[in-house]
Amino acid sequence: MHTLGKVLAFLVIVAAAASTYFTATLIKVRNSWTAKSQNFDKSYDATVADLAKTNAEFVKLRDEIQFARRQWGGTFEVQTQLTDPPESGRLQIDAGSNVGLSQQMVIHGFQILPDQSTIYRGPFVVTSVQTDRSLVAPTWRIRPQDLQAIGDAPPWQSSMWRWRTAIPSAHSVRFDQHLQAFTAADETIAERQQSLTVQQRLVAEAERQLQLRTAELVGGPELPQDAALNPEDREGLVGPLEAEEEQRNKDLLEIARLRQQVRTEKGLVERLQRENEELTTQLPQPAAAITRAQTN
Numbered sequence: 008m009h010t011l012g013k014v015l016a017f018l019v020i021v022a023a024a025a026s027t028y029f030t031a032t033l034i035k036v037r038n039s040w041t042a043k044s045q046n047f048d049k050s051y052d053a054t055v056a057d058l059a060k061t062n063a064e065f066v067k068l069r070d071e072i073q074f075a076r077r078q079w080g081g082t083f084e085v086q087t088q089l090t091d092p093p094e095s096g097r098l099q100i101d102a103g104s105n106v107g108l109s110q111q112m113v114i115h116g117f118q119i120l121p122d123q124s125t126i127y128r129g130p131f132v133v134t135s136v137q138t139d140r141s142l143v144a145p146t147w148r149i150r151p152q153d154l155q156a157i158g159d160a161p162p163w164q165s166s167m168w169r170w171r172t173a174i175p176s177a178h179s180v181r182f183d184q185h186l187q188a189f190t191a192a193d194e195t196i197a198e199r200q201q202s203l204t205v206q207q208r209l210v211a212e213a214e215r216q217l218q219l220r221t222a223e224l225v226g227g228p229e230l231p232q233d234a235a236l237n238p239e240d241r242e243g244l245v246g247p248l249e250a251e252e253e254q255r256n257k258d259l260l261e262i263a264r265l266r267q268q269v270r271t272e273k274g275l276v277e278r279l280q281r282e283n284e285e286l287t288t289q290l291p292q293p294a295a296a297i298t299r300a301q302t303n
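Per the numbering used here, residue 8 is the first one in the sequence shown, and the count goes up by one each step.
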């Protein structure tokens, strides 16, 4: 065979091998793209379903956000300072007409704590407004203990506060309920304090009367010391009674002694009478005839 024929035969064999390889690769790529096309259809259908679900969730969340914004109103965070005296509860905030505040507008204050959590302090009315500064006052009666730390709640402090133009009605109702409970408790405490004051006054009067009555019995500085008064009026009843009782005991002893002396003297007289009678019987008796004659 001619050399050119050999070369051409070799090239035909190489071309056949390359054709076989590229055909196999083509079939493999085609099968891969066919599988990807089928998976893409399935993935597309799942993505469309997820997109519809996501769109529904998005609409729901958007409505919830809009509803929450309508309930909570506008919000801004500014530096807030306590004014003198702090017990008044009045605050100065670094915001004014530049954030839409106006005279007599009611806003709600949330003190921001160091851990970035907040605590609701209540509704405030704008009493004075400038471009970037305002004064606000609480719409309820501040009690001294409201500004102090209670339990885990920190005291009122000059710091960053979050202010809102509105809050949900449920929160307002709850706050009002707490205020009513505090008011009722304060009234109860005031009534009990008044009752305690009356009871303390009655106890003091009773103690004074007790001291006076005790002094009337045993004596004391509560009694007058006028010399014209009776001893029991100056020294109490017990002292004179004891003195009288002591005198009575002495008198009884004296009476007993005198009675004993009387009995002794009586016994002596009786003894003398008996002796006299005995002596009388020993005297000589006159004659009976003479006695009768004298009698006639």
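Cβ atoms here follow ideal geometry from the backbone N, Cα and C, with glycine treated the same way. Treat the numbers as computed from the prediction; the structure is a model and nothing was measured.
For Thr138 and Leu209, the gap between their C-alpha atoms comes out near 60 Å. Boundaries of the alpha helix (DSSP H) harbouring Glu253: 245-288, taken from the DSSP string.
Per DSSP, reduced to three states, the secondary structure at Gln207 is helical. Separation of Gln78 and Trp168 (C-alpha to C-alpha, rounded to the nearest whole angstrom) is 19 Å. Straight through space, the alpha carbons of Leu217 and Thr146 are spaced by roughly 51 Å. Across the set Arg255, Gly116, Val136, Ile196, the C-alpha of Gly116 shows the shortest separation from the C-alpha of Ile174. Residue environment analysis places Pro130 among the buried positions, since at least 16 neighbouring C-beta atoms fall within 10 angstroms of its C-beta. Residue nearest to Asp183 within the set Tyr127, Thr221, Leu279, Pro162 is Tyr127 (criterion: CA-CA distance). In the three-state reduction of the DSSP assignment, Arg140 falls in the coil class, being assigned neither a helical nor a strand state. Bridge partners of Glu84 according to DSSP: Arg169. Under a 10 Å Cβ-count criterion, Thr87 is classified as buried, with 16 or more other Cβ atoms of the shown protein chains found around its own Cβ. Ala31 is not bridged by DSSP to any residue. Rounded to whole angstroms, the gap between the alpha carbons of Glu229 and Ala250 is 21 Å. Separation of His185 and Ala191 (C-alpha to C-alpha, rounded to the nearest whole angstrom) is 10 Å. Judged by DSSP in its simplified three-state form, Leu89 adopts strand. The alpha-carbon separation between Gln111 and Leu203 amounts to approximately 42 Å. Secondary structure note for Val106: it is in no beta strand (DSSP E), with a DSSP letter that is neither H nor E. The C-beta of Trp163 has 16 or more other C-beta atoms within 10 Å across all chains shown, which makes the residue buried. Burial check for Ala211: the Cβ neighbour count within 10 Å stays below 16, so the residue is exposed. Ile157 places its beta carbon 9 Å or farther from that of Val133. A straight line joining the alpha-carbon of Thr32 with that of Ser50 spans about 26 Å.
Between Ile100 and Leu142, the C-beta gap is smaller than 9 Å, which places the two residues in contact.
In this structure, Arg171 lies away from Gly103, with their beta-carbon atoms at least 9 Å apart. Between Leu98 and Leu108, the beta carbon gap of about 13 Å keeps them out of contact (Cβ cut-off 8 Å). Per DSSP, Gly96 lies in no beta strand (DSSP E) and is assigned neither H nor E. If you draw a 10 Å sphere on the C-beta of Gly274, you find fewer than 16 other C-beta atoms in it, and that means exposed. In the DSSP assignment, Gln118 falls within the unbroken beta strand (DSSP E) covering 113-119. A direct Cα-Cα distance of roughly 6 Å separates Pro151 from Glu94.
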